[in-house]
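Peer 1:
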């Protein structure tokens, strides 16, 4: 029998330095920034029904967000959805969830570095419209590609330096962007929004069902990012208290922004004008505000370029911490879990997956399609597959580990034996499952490249487990109770630790009496 595989070996670990504001901005940078890239893409598909597309995707987001809030607060370790899935469903499904999330994180880096460069090019229209006609690079914007690769390199170096500097980068720019997004929406509704234009486009520019569902599948990317809060849990101070506050605030704020931007846009401009500006749709919207548009447009472009760069930054952070967790749990080789003794960061995984992101960016520009749309297709597939498995894991963990302390619980529960099953969790499984089908049906690239990516990880996983003498389809022996005690001790959650010990002792006495 394989000996218990321990999470924490005697080596340099991740340090806890992320505060409540840092945790919020990690999530906001990843979720709140997504509308900057998604607005133009969704508008091109959903047209006058763009707010509806964002609303449908937002409903699924709420259920996923609540599930992640509960699990990240109860299990505050690096790994996020893949760890929840492994603990609830077993090693193999944890690997599949990890593969989906790794696709998501690497695409996140490529997509938002690309979007950041697009907003920079608001000031350089000649760069935005540049097309190369040299050999195999026919119709490729090599300037935009070059900018994207440079930004990916800079982010890799920033994350090697350390979580403190990376988190501070998020916190400052995140605060500025909250002010900018709020200002655009308030000024837009107060001084430029025309309800008759909005109603006209809603009534006369409604898309086909296929186009609407395609728009919904793209709108999903506006809500991807709560995973980042979970990934940073092992570096967050007092996660049991911080994560619920962070996640619930994110759910509300991001949903409001995601619904407000398409609504205000359709009351100010025809949808075609927003859709035509794939690289900088929010800057285009801001430039149309009365009186302040000549300043708001450039200011929005600058802040949009920074906030989407933050989102790319959280992608680098998420990919490296995910690799750290997967290696620690025996799903992939331990080389990627090595932490630099000086910087306390997983340097090898940062460099490796930043390189994967750069390769994906090159593929997107050479694919013959719009580069941002190509990346968005892959982003939606990875997110929905991971969220589908994570919401199933929520139900499984409620049944398998009913006595684990949960600082936050998804509401609306029904009793089943000793466990309480959340109704919203069941709806989350249904919603994310349907979204996986919608993404696969409407995205030509995602339904081929997405499963192929997961299949490659499964093959590597089978090879690695067989080579190291671990069960390929079974699970490593793990003492989850001991690990949970260790987690609560390391996080300094003494009240939860004492509650869990009391509950374990009660269970032991009940078993002895039986």
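In this note's numbering, the protein residues as written are 86 to 599.
Heads up, the beta-carbon is just placed ideally off N, CA and C, and yes, glycines get one too.
All figures in this text were calculated on a predicted structure; none of them were measured in a lab.
#1: Within 10 Å of its beta-carbon, does residue 421 have 16 or more other beta-carbons around it, so buried, or fewer, so exposed?
#2: State buried or exposed for residue 250, treating a residue as buried only when at least 16 other CB atoms are found within 10 Å of its CB.
#3: Alpha helix (DSSP H) containing residue 532: first to last residue?
#4: Report the three-state DSSP secondary structure of residue 244 (helix, strand or coil).
#5: Note down the Cα distance separating residue 530 from residue 552, rounded to an integer number of angstroms.
#6: Should residue 361 go down as buried or exposed, given a rule of 16 or more other Cβ atoms within 10 Å for buried?
#7: Taking the alpha-carbon positions, what's the residue 515 to residue 472 distance?
#8: Please report the Cβ distance between residue 441 and residue 302, rounded to the nearest whole angstrom; I am assuming they are in contact, meaning their Cβ atoms lie under 8 Å.
#9: Relative to the C-alpha of residue 366, which candidate in 279, 479 and 123 has its C-alpha closest?
#10: Does the distance from the CB of residue 363 to the CB of residue 125 come in under 8 Å?
#11: Contact check, residue 158 vs residue 384 under 8 Å by CB: the rounded distance?
#12: Would residue 576 be called buried (16 or more neighbouring beta carbons within 10 Å of its own) or exposed?
#13: Just how far apart, CA to CA, sit residue 200 and residue 574?
#14: Cα-Cα, which of 353, 358, 350 and 308 is closest to residue 337?
#15: Does the beta-carbon of residue 226 have 16 or more other beta-carbons within 10 angstroms, so that it is buried, or is it exposed?
#16: What separation, rounded to the nearest whole angstrom, lies between the Cα atoms of residue 283 and residue 269?
#17: Which value, in whole angstroms, describes the spacing of the CA atoms of residue 437 and residue 401?
#18: Taking Cβ positions, are residue 196 and residue 457 nearer each other than 8 Å?
#19: Identify which residue in 148, 189 and 146 has its Cα closest to the Cα of residue 167.
#20: Of all the options 501, 481, 475 and 489, which has the alpha carbon lying nearest to the alpha carbon of residue 182?
#21: Only counting the same chain, and skipping five residues up and downstream in sequence, which positions put a Cβ closer than 6 Å to that of residue 466?
#22: What distance in whole Å lies between the Cβ atoms of residue 291 and residue 142, which are believed to be in contact at a cut-off of 8 Å?
#23: Measuring CA to CA, which of 146, 331, 484 and 109 is closest to residue 519?
#24: Quick one: what does DSSP say residue 155 is sitting in, helix, strand or coil?
#25: Is the beta carbon of residue 392 closer than 8 Å to that of residue 121?
#26: Helix, strand or coil: which one does DSSP assign to residue 507?
#27: Could you give the C-beta distance for residue 480 and residue 506, rounded to a whole number, given that I count them as a contact under 8 Å?
#28: Any idea if residue 300 is buried or exposed, counting beta-carbon neighbours within 10 angstroms, 16 or more meaning buried?
#29: Buried or exposed: where does residue 564 fall if 16 or more other Cβ atoms within 10 Å of its Cβ makes it buried?
#30: Do you know offhand how far residue 581's Cα is from residue 490's?
#31: Can you tell which of 186, 169, 451 and 449 has its C-alpha closest to the C-alpha of residue 399?
#32: In this structure, what does DSSP give as the bridge partners for residue 499?
#33: If I follow the unbroken alpha helix (DSSP H) through residue 366, where does it start and stop?
#34: Taking buried to mean at least 16 other C-beta atoms within 10 Å of its own C-beta, is residue 569 buried or exposed?
#35: How long is the line joining the alpha carbons of residue 341 and residue 558, rounded to whole angstroms?
#36: Starting from residue 216, trace the alpha helix (DSSP H) in both directions and tell me its first and last residue.
Peer 2: Reading from the atomic positions:
#1: buried
#2: No answer about residue 250 holds up, because its pLDDT of 47 lies below 50 and its placement is not dependable.
#3: 531-552
#4: helix
#5: 33 Å
#6: exposed
#7: 11 Å
#8: Not quite, the Cβ-Cβ distance comes to about 23 Å (not below 8 Å), so this is no contact.
#9: 123
#10: yes
#11: Actually they are not in contact, since the Cβ atoms of residue 158 and residue 384 sit about 36 Å apart, beyond 8 Å.
#12: buried
#13: 41 Å
#14: 308
#15: buried
#16: 17 Å
#17: 10 Å
#18: yes
#19: 189
#20: 475
#21: 524, 531 and 535
#22: Their Cβ separation, rounded to whole angstroms, is 17 Å, which puts residue 142 and residue 291 out of contact at 8 Å.
#23: 146
#24: helix
#25: yes
#26: strand
#27: 6 Å
#28: buried
#29: exposed
#30: 6 Å
#31: 186
#32: 506
#33: 366-371
#34: buried
#35: 43 Å
#36: Element bounds for residue 216: n/a, residue is neither H nor E.
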